[in-house]
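Below is one structure, written out as structure tokens; the observations come after it.
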Amino acid sequence: MPHRTVVEGGRTASFPGRCRVVDRIPAELVIADRRVALLPLASGTAGTAAALVVHSGALLDSLVELFEGAWREGRPPRADGGPAGGPARGPAEPDAMDLEVLSLLLAGLTDASVAKQLGLGLRTVQRRVRRLMELAGVTTRLQLGRQAAERGWTVRR
Numbered sequence: 093m094p095h096r097t098v099v100e101g102g103r104t105a106s107f108p109g110r111c112r113v114v115d116r117i118p119a120e121l122v123i124a125d126r127r128v129a130l131l132p133l134a135s136g137t138a139g140t141a142a143a144l145v146v147h148s149g150a151l152l153d154s155l156v157e158l159f160e161g162a163w164r165e166g167r168p169p170r171a172d173g174g175p176a177g178g179p180a181r182g183p184a185e186p187d188a189m190d191l192e193v194l195s196l197l198l199a200g201l202t203d204a205s206v207a208k209q210l211g212l213g214l215r216t217v218q219r220r221v222r223r224l225m226e227l228a229g230v231t232t233r234l235q236l237g238r239q240a241a242e243r244g245w246t247v248r249r
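Mapping of the sequence shown onto the working numbering: position 115 corresponds to residue 207, and the numbering continues sequentially without gaps.
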């Protein structure tokens with residue numbers, strides 16, 4: 093299935109912004125600083141480009157909400173360069189140690205406490221958490237907890 097990209101622009105040339113990948117974008121548009129939007133219009137004449145410029149008001153508010161909804165539904169692109177949601181390189185499921193780390197994190201332990209309890213280094217725990225987040229396609233630990241529950245990773249095997 094082809095994917096579309098939703099991009100949130102950065103403030104400087106050295107920081108290009110963030111992007112998320114979605115299956116469907118309801119409308120192509122550009123929004124600048126929540127103050128103005130640009131909507132390309134379909135034209136009956138080939139080679140003619142037209143766009144609608146939208147300034148403050150209810151329509152602009154709706155367009156911003158449309159963008160934010162697409163952003164929330166999107167997934168971060170995969171770190172290995174493959175398509176988001178596509179088959180991952182390497183194991184697509186967490187191993188037993190990953191699940192143990194996850195279980196302790198969900199119980200409220202800090203990374204340092206997890207490392208001590210499992211006899212691992214702190215950086216090893218942090219690396220495993222990053223791997224779990226990549227497997228789940230999330231960017232925050234809160235999202236990881238939800239995805240872990242939805243995927244059945246929190247159930248003892």
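Glycine is no exception: its CB is placed at the ideal position from the N, C-alpha and C atoms.
Residue i (DSSP reduced to helix, strand or coil)
i      : result
Thr130 : A small correction: the amino acid at residue 130 is Leu; Thr does not occupy that position in the sequence shown. Here Leu130 sits in strand by DSSP.
Val122 : strand
Glu185 : coil
Thr216 : helix
Gly149 : coil
Ala241 : helix
Leu194 : helix
Gly65  : Outside the displayed range of the chain (93 to 249) lies residue 65, so it cannot be described from this structure.
Spatial distance of residue i from residue j (CA atoms)
i      : j      : result
Ala207 : Arg222 : 14 Å
Gly182 : Val156 : At Gly182 the pLDDT is 48, less than 50, meaning the model places this residue with poor confidence and gives no usable figure here.
Val114 : Leu214 : 34 Å
Glu242 : Ala228 : 10 Å
Ala142 : Pro132 : 6 Å
Leu158 : Val146 : 14 Å
Residues bridged to residue i [DSSP beta-bridge criterion]
i      : result
Leu144 : Leu131
Ala167 : Before going further, note that residue 167 is Arg rather than Ala in the sequence given. Bridge partners of Arg167: Val113.
Distance CB(residue i)-CB(residue j) smaller than 9 Å
i      : j      : result
Leu234 : Leu194 : no
Leu151 : Arg127 : no
Gly161 : Arg112 : no
Buried/exposed call for residue i, threshold 16 Cβ in 10 Å
i      : result
Leu191 : buried
Thr104 : Note that Thr104 scores a pLDDT of 47, beneath 50, so its modelled location is shaky and nothing firm can be said.
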